[in-house]
Amino acid sequence: MKELAELVTKYLSSFIEILAAVVIGIALLQFLYSYALNVSRPNSGKTIQDIRIRFGSSLTVSLELLLGADILATAIAPTWDEIGKLAAIATLRTALNYFLERELKNSELAKQGIPIEASDIEGTSPRSD
Numbered sequence: 048m049k050e051l052a053e054l055v056t057k058y059l060s061s062f063i064e065i066l067a068a069v070v071i072g073i074a075l076l077q078f079l080y081s082y083a084l085n086v087s088r089p090n091s092g093k094t095i096q097d098i099r100i101r102f103g104s105s106l107t108v109s110l111e112l113l114l115g116a117d118i119l120a121t122a123i124a125p126t127w128d129e130i131g132k133l134a135a136i137a138t139l140r141t142a143l144n145y146f147l148e149r150e151l152k153n154s155e156l157a158k159q160g161i162p163i164e165a166s167d168i169e170g171t172s173p174r175s176d
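Counting in my numbering, the sequence shown runs from 48 upward without gaps.
This is the structure we're talking about:
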């Protein structure tokens with residue numbers, strides 16, 4: 048039974064990694080198409096900022112999928128060395144996801160014309176002077 052659980056977990060982890068790669072591939076194609084459209088027709092209705100936000104959102108989804116795959120892989124990792132490597136990769140992906148989401152939030156605020164204060168970037172509330 049344990050072997051079956053490990054096998055299912057291994058295949059599920061691999062499937063999720065493939066799914067994340069597909070998400071990135073589709074997002075890249077959409078990005079390139081939208082960017083080319085924007086360059087060839089500047090009044091196409093989408094700004095570069097809109098295109099970046101959409102692409103960044105897709106990258107965030109794929110990073111979350113990859114983190115899920117890492118968690119599954121950790122469940123079946125037989126050695127401390129492999130667990131350590133997976134932990135390092137998961138930490139890097141989590142940090143990348145955090146900063147990407149923060150950048151997307153700031154881009155959305157800038158797009159709406161809301162000023163971004165240093166305190167917002169640092170995660171603290173703005174001071175009322």
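Even for Gly, the Cβ is constructed at its ideal location relative to N, Cα and C. Since the structure is predicted, the reported quantities are computational estimates derived from the model, not experimental observations.
- Residue state for Gly160 is assigned as coil, using DSSP reduced to three classes.
- Three or more beta-carbon pairs separated by less than 8 Å link the segment 53-65 to the segment 111-121, which places the two stretches in contact.
- In the structure shown, Lys57 falls within a helical segment according to DSSP collapsed to helix, strand and coil.
- Within the model, the alpha-carbon separation for Leu143 versus Arg149 is close to 10 Å.
- In this structure, Leu112 sits near Ile63, with a CB-CB distance shorter than 8 Å.
- Rounded to the nearest whole angstrom, the C-alpha separation of Lys132 and Ala116 is 14 Å.
- In terms of CA proximity to Ile95, Ala157 leads the group Met48, Pro162, Ala157 and Ala135.
- Pairing Val70 with Ser109 gives a Cβ-Cβ distance under 8 Å.
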